[in-house]
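Have a look at the structure below, then the notes.
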Amino acid sequence: MKKVIAIALVLMLCLSLMPMAFAADDLITVGVINNPPSESGYREANVNDFAAVFTKENGYDASFYYSIKNDEQLSAARQFITDGVDYLLISAAETTGWDAVLKDAQEAGIGVFLFDRMIDCDTDLFEAAVVSDMAKEGETAVNWLLSLELPEYNVIHIQGAMGSDAQLGRTGALDEQFEAGTMKKVVQQTATWDEAEAKKIVESAINSGEAFNVIYAENDGMAKGAVAALDEAGITHGVDKDVVVMGFDCNKWALRELQKGNWNYDGQCSPFQAQVISDMIQVLEEGGEIEGLNDAKQIISVEKGFDAREITEEDILTYGLGEDVA
Amino acid sequence: MKQNQKASGQFWANNSQLLIPLIAILLLVIFNLFRDPSFFSVGITTNNNGDPVLQGNLIAILNGASELVILSMGMTLVTAASGGQDISVGALAAIAGSVFVKVLKSGGAISPLTVIGGFVMCCLVAMLFGAFNGSLVSIFNIQPMIATLILFTCGRSIAYWINGGATPTVSSPIISAIGSFIPGIPIPTPILIVILMAVLFALLFRFTTLGLYIQTVGINQGAARLNGINSVGIKLLSFVLLGACCAVAGVISVSRLSLINHETLLINIEMDAILAVAIGGNSLGGGKFRMLGSVIGAYAIQALTITLYAMKVPSTDVKAYKAVVIIILVVIGSPVVKEAFDRFRKNLRGSRPVHTGKEAS
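Protein chains in written order, with this note's numbering: chain A, 1084 to 1409; chain B, 716 to 1076.
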């Protein structure tokens, strides 16, 4: 009887190991830890990007875990390490608390890549990080604004949630201009990414009789709110109109507004990091070394800014996020 | 003359509850007149569609407060009947808005018929969720704030599932007519919708005994039941009515920008709605209520926000300033201060006949 049970157990063990053996043969296993797609249009595109690149067809066996909470992300990472994945890809909810887990991963010989968000830790603990440079996004936008050579710059500046990376980066470049005196700060308020709040801020500026000719909104939604206020007050906006409208994130619907000439500029914040990471993994798999990293072991995503006068249909289809509008 | 005084005294005795919100509005008006006399000027401009429209801070206050006013109407009923507050109104409005947009986007072109269909659909869904909240409160006797915490937590995720994406946009002349102006009518449509809702509620209270029943249930549920009032049903009904209010608020909010963002749509409005009820002099413990008080309270909150914007108070400080004003209002409205005020008034009354007597002689 004991023998039968022993044989049965051995058989079961063999059977359960077989799929793993097959899988390990040709597929690279990766564990992806990200924030949930419901967070924003940006995150949705980011999640879709990773799901599209790390597929079986491309030679990956990928598992995904989404949470907005750091501790849940941490336990998911531990689970992935126990499962013995080849690579761990992380967009952390918070920048701290990851040291122990990343050390475990290193000891287990798992390659770690960070994307979108940095983690406060020793650079030895990960292979590379693919991130956006929010400050550069702001600079690109402000340089574009300066290139218009308007006779004067009276700016309504609508900020995102105070203290967020995107807000700090996109505000920084503009604040420099305010301090230098090249641009005049008419209103600077946070709408915490809320479209309706942005509309109220612009409405209030109009009703107070403030003169302005630029709206610099730190995302597309708030730019849309601002434009709604302009429309109701009969103030023209867009290419060769009274007010220059600027947004960020490059949602498809926002780029369509650019195409129609209703807005002037939209700055990209690239959610497309999967391909870059996939390329690096292939290099490591072939025993090569990753090149092109900066001192912080980062690769900065290439990010564009679109001008309404030059945007093409192809740009919209390639770089636009979310669903298209006719 | 004396008759008049008596009548006005009677009026304030009946409406002393409205004193606080009215004082709040009055203070804001006086403050703004001193700060900038042109603050309340209303002008007519032509919008980008070529229609004449009203414009000015006053219009911005009346218009911007619309969703809050409608929600505070419903919140007053729930507060009065259940003695607690619904903190899921923002999330429920987001769900309703998502359903509205979903219906509009499901069929090809947007016609008046699809808009009405969308509205009916989102109203039904919101009332269903309202009934869910209501049944937890009335049948299972769960504290309203705890019961509605469920929807508060998961409501915006549900809205995201319905949306199937982060920020779907929907553009049509009909939608912008609901959210901003009907061509040819210079008054913002949301203000008209608020008036319509107010009339509907007024008719409801005028021609049914609902108002009395809600008060009775709120004051003493057991006594109400012994008097043949279905207290479970009344509580449930108040939540369903609030659900309908959420649907209207959601539709207005979506139409304003032709866009739905489940994360930001009417965010934190539940707190303002509860506050409006409190400033309106209604007891948050249920019982007697005056919907008019909540409505004035809601406009006071909006007037405060717009004033702070006009003063260019740094964005990060707005909430702190708002809190200071609210502390003052709530303290003034508290029973302790009210009692002291009543005593003070009685003292005045006591000395008045002596004066008038002297003048007469």
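Built from N, CA and C at the ideal position, the CB exists for glycine as well.
Could you tell me whether any Cβ in chain B is nearer than 8 Å to the Cβ of residue 1113(A)?
-> no
Buried/exposed call for residue 753(B), threshold 16 Cβ in 10 Å | exposed
Scan the region 1285-1312 of chain A for residues whose Cβ lies nearer than 7 Å to a Cβ of chain B and list them as they occur along the chain.
-> 1286, 1287, 1290, 1291, 1304, 1307, 1308, 1311
Rounded to the nearest angstrom, how far is the Cβ of residue 857(B) from that of residue 851(B), given a contact under 8 Å?
-> Right, their Cβ atoms sit about 5 Å apart.
Verify whether the separation of the beta carbon atoms of residue 1303(A) and residue 1349(A) is less than 8 Å.
-> yes
Neighbouring residues, chain A, relative to residue 823(B) (Cβ below 9 Å) = For residue 823(B), there are no C-beta contacts with chain A under 9 Å, since the nearest C-beta of that chain is about 10 Å from it.
In chain order, what residues of the region 755-781 of chain B put their CB closer than 8 Å to some CB of chain A?
-> Answer in chain order: 760, 761, 762, 763, 764, 768, 770, 771, 772, 775, 779.
Cβ separation of residue 795(B) and residue 958(B), assumed to be a contact under 8 Å, to the nearest whole Å | Rounded, the Cβ-Cβ distance is 16 Å, inconsistent with contact.
In chain A, which residues lie with their C-beta within 7 Å of the C-beta of residue 1021(B)?
-> Under the 7 Å cutoff, chain A gives 1287.
What is the DSSP secondary structure of residue 1162(A), counted as helix, strand or coil?
-> Residue state, collapsed to three classes: helix.
So with Cβ pairs under 8 Å, would you call residue 904(B) a contact of chain A?
-> no
Can you give me the Cβ contacts of residue 978(B) inside the same chain, cut-off strictly under 7 Å, excluding the 5 residues immediately before and after it?
-> 871
Using a cut-off of 7 Å between C-beta atoms, extract the partners of residue 1276(A) located in chain B.
-> For residue 1276(A), the chain B residues whose Cβ falls inside 7 Å of its Cβ are 979, in order along the chain.
Name the two residues that bound the continuous alpha helix (DSSP H) containing residue 791(B).
-> 781-797
In the DSSP assignment, find the alpha helix (DSSP H) that holds residue 1186(A) and state where it starts and stops.
-> 1182-1190
Neighbourhood of residue 1143(A) by C-beta distance below 7 Å, restricted to the same chain and skipping five residues each side | Contacts found: 1110, 1111, 1113, 1137.
In chain order, what residues of the same chain lie with their CB nearer than 7 Å to the CB of residue 1104(A), ignoring the 5 residues before and after it?
-> Here the model assigns residue 1104(A) a pLDDT of 46, short of 50, so the residue's position is not dependable, and the following value carries that caveat. Contacts found: none.
If we count Cβ pairs, one from each stretch, closer than 8 Å, do we get three or more for the region 951-971 of chain B versus the region 897-913 of chain B?
-> yes
Could you give the distance in angstroms between the alpha-carbon of residue 1331(A) and the alpha-carbon of residue 918(B)?
-> 48 Å
Assign residue 1147(A) to one of three DSSP states: helix, strand, or coil.
-> strand
Does residue 953(B) have its Cβ less than 8 Å from a Cβ in chain A?
-> No, residue 953(B) does not count as interfacial toward chain A.
Taking the CB atoms as reference points, tell me whether residue 955(B) and residue 785(B) lie closer together than 8 Å.
-> No. Outside cutoff.
Element boundaries [beta strand (DSSP E), containing residue 1136(A)] = Looking at the DSSP string, residue 1136(A) is not in any beta strand (DSSP E); the run it does join, the alpha helix (DSSP H), is 1124-1136.
Verify whether the separation of the beta carbon atoms of residue 1288(A) and residue 1239(A) is less than 8 Å.
-> In terms of Cβ geometry, residue 1288(A) and residue 1239(A) form a close pair [threshold 8 Å].
Report the rounded CA-to-CA distance for residue 1386(A) versus residue 1282(A), giving the unit in angstroms.
-> 28 Å
Give me the Cα-Cα distance between residue 1354(A) and residue 1121(A), rounded to the nearest whole angstrom.
-> 14 Å
Classify residue 1175(A) as buried or exposed, calling it buried when 16 or more other Cβ atoms lie within 10 Å of its own Cβ.
-> buried
Which listed residue (1195(A), 1186(A), 1251(A), 1182(A)) has its alpha carbon closest to that of residue 1216(A) = Comparing Cα positions, the closest option is 1251(A).
Please report how far the alpha carbon of residue 951(B) lies from the alpha carbon of residue 1060(B), in whole angstroms.
-> 41 Å
Are the beta-carbon atoms of residue 1388(A) and residue 1382(A) separated by less than 8 Å?
-> no
In whole angstroms, what is the alpha-carbon distance linking residue 1163(A) and residue 1171(A)?
-> Their Cα atoms are separated by approximately 8 Å.
Cβ atoms of residue 1167(A) and residue 1367(A): under 8 Å apart, would you say?
-> no
Could you say if the region 1002-1017 of chain B and the region 740-747 of chain B meet the contact criterion of at least three C-beta pairs nearer than 8 Å?
-> With the cut-off at 8 Å, the region 1002-1017 of chain B and the region 740-747 of chain B touch.
Have a look at residue 844(B) and residue 878(B) and give me their C-alpha separation to the nearest angstrom.
-> Roughly 17 Å separates the two Cα atoms.
Pick out the complete alpha helix (DSSP H) segments inside the region 1272-1359 of chain A, 4 residues or longer, and give them in chain order.
-> 1278-1290, 1303-1316, 1335-1343
Nearest chain B C-beta to residue 1329(A) closer than 8 Å, yes or no?
-> no
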